[in-house]
Every structure is written in structure tokens, then in C-alpha cells.
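Quick note on numbering: our numbering labels position 10 of the sequence shown as 7, and the sequence is numbered without any gaps. Below is one structure, written out as C-alpha cells; the observations come after it.
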Amino acid sequence: LPGGPAWLRVYRRGADELRMRARLTDLADLPALIARVRRLFDLGADPLAVDEALSHVP
């Protein structure tokens, strides 16, 4: 991250929830870290669109 190294742990909490614990060198990097984790887990995906697209795959 721009402000220095960071570590994180992402774990499942319930059927449809993820939790993240992180230690940042610079708290200003938090938005960048959240954006990276959202991209890593594809949290911006539309599940209905994914289901529709995959329903045509044999």
C-alpha cells in the first residue's frame, strides 16, 4: 500500500458475511485496502447477472 506494509485476515462470518481484520502502517490506506479486498472477493458482482450468465453453460 502507498503508506507502507499491511497485513490482513479475512474470514467468513455466517452464510453471507465476511469480516476483515487489518493492521496498517498508515490509516489513510484503509480505503485502498478495502477496495483491494472487495476486488479480490468480487464483492461488486451482481449475483443475479452471474447466475443468468452461468445458467447457459452446460
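Glycine included, C-beta positions come from ideal geometry on N, C-alpha and C. Keep in mind it's a predicted model, so treat the numbers as computed, not measured.
*In chain order, what residues of the same chain have a beta carbon less than 8 Å from the beta carbon of residue 100, not counting five sequence neighbours either side?*
Residue numbering for the chain in the displayed model covers -2 to 55; residue 100 lies beyond these limits and cannot be assessed.
_Whole angstroms are fine: how far does the CA of residue 54 sit from the CA of residue 42?_
18 Å
*asked:* Am I right that residue -1 and residue 29 are in contact with their C-beta atoms under 8 Å? What's the rounded C-beta distance?
replied: 7 Å
*For residue 7 versus residue 34, is the C-beta spacing smaller than 8 Å?*
yes
*asked:* Which residue wins for smallest C-alpha separation from residue 2, given the options 25, 44 and 13?
replied: 25
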